[in-house]
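Counting from -16, one number per residue, gives the positions in the sequence shown under this note's numbering. The beta-carbon is built from N, C-alpha and C at its ideal position, and this holds for glycine as well. To start, the structure under review is shown below, and the notes come after it.
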Amino acid sequence: MTLREWWQQQRQRAPELAAELDWLVRQVTGWDTLTLRWAGATGAEFLPQLQTLWHTYIQTRQPLQYLVGTTPWRDMDLQVAPGVLIPRPETERLVDVAVHWAKGWGLTTGHWVDLGIGSGAIALGLLRELPDIYVHGVDCSSTALQIAKNNAITLKLNTRLTLYQGDWFTPLEHRRGRLQAMVSNPPYIPTDLLPTLAPEVQYEPRLALDGGENGLVSLQYLVQTAPGYLAPGGLWCVETMSGQTQAVVALLQQQGGYQNIQVYRDWGGHDRIVVARWGG
Ligand SMILES: C[S@@+](CC[C@H](N)C(=O)[O-])C[C@H]1O[C@@H](n2cnc3c(N)ncnc32)[C@H](O)[C@@H]1O
-16 MTLREWWQQQ RQRAPELAAE LDWLVRQVTG WDTLTLRWAG ATGAEFLPQL
34 QTLWHTYIQT RQPLQYLVGT TPWRDMDLQV APGVLIPRPE TERLVDVAVH
84 WAKGWGLTTG HWVDLGIGSG AIALGLLREL PDIYVHGVDC SSTALQIAKN
134 NAITLKLNTR LTLYQGDWFT PLEHRRGRLQ AMVSNPPYIP TDLLPTLAPE
184 VQYEPRLALD GGENGLVSLQ YLVQTAPGYL APGGLWCVET MSGQTQAVVA
234 LLQQQGGYQN IQVYRDWGGH DRIVVARWGG
């Protein structure tokens, strides 16, 4: 059987998983679907690996990214593994928004923090875009920190990243009042929604997803605590679940010291990112 024949057969068997199948084939072969359509008899050397991975996925619905061990994100290939959240395409927008305002507000040097760094996606995306910043990355998960470290080393960005294990801002007492920016994609899914998520998501760490009763527990903490750590004029930027941005804007307004509060949509058109400037 040729690779193309196998691919077409699997597509017919599970048309609802066509996007996942195409993703896997692309990751393993480096070919897009157009190349595959014209592949003829070539590519048979990839078949054993693809068959094993696809069979495991169909049987278990473990995320393909965990099975392959990497995921493309922005212009990087990031290591992922069980115990760390798979970075989502929507989060790429957070980096764009933070970079835009870092340039607009003159924050392209100095010390930044990525709270809940996970695989390192946001921090590493920022380090590539802003060559004069230094990032402090915090996570309570030692698995996440190990993977963030591996990714930073692979991308040769580890000299501008320090990792800390701890609870949000707690390891950063020494940076009080001196951070140029805080970025975070915290857990924000309401606890009672977790069982309704796709089978693949059930394999991801609950700690990375569970945002408490209304999903806003961590976001509220970040609104209230960041002022103690940001320098005057510092950037505050988070991702939320679709539908939460107005609640986050209200929390920022109630705090009283934030300025330039703005909401951005992800590429799917959903309000997902909130940015503000700490007035000091
Ligand atoms: C939604 S994931 C985001 C991961 C990564 N930044 C990304 O965007 O792909 C949230 C991260 O916050 C971490 N986290 C959860 N509670 C935390 C806490 N109290 N202190 C520090 N990190 C925490 C989780 O371990 C997880 O890595």
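Three or more Cβ pairs closer than 8 Å define a contact, and the segment 117 to 132 falls short of that threshold against the segment 39 to 52. Distances from the CA of Val184 to each of Leu(-14), Ala64 and Thr25 were compared; the closest alpha carbon is that of Ala64.
According to the DSSP assignment, Trp84 belongs to the alpha helix (DSSP H) that extends over Glu75 to Gly87. In the same chain as Ser125, and ignoring 5 residues on each side of it, the C-beta atoms closer than 7 Å to its own belong to Gln148, in chain order. Here the C-alpha atom of Pro31 lies approximately 27 Å from the C-alpha atom of Glu187. Proximity of the segment 175 to 184 to the segment 139 to 146 falls short of the contact definition, fewer than three beta-carbon pairs being nearer than 8 Å. Under DSSP, His119 shares a beta bridge with Val96 and Thr145. A distance below 6 Å between beta-carbons, with the five flanking residues on each side excluded, links Trp56 to the following residues of its chain, in chain order: Pro70 and Ala104. Of the candidates Trp(-11), Asp150 and Leu113, the residue whose Cα lies closest to the Cα of His94 is Leu113. Here DSSP, grouped into helix, strand and coil, assigns Ser167 to strand.
In this chain, the beta strand (DSSP E) harbouring Asp254 covers Asp254 to Trp261. Between Asp150 and Cys123, the C-beta gap is smaller than 8 Å, which places the two residues in contact.
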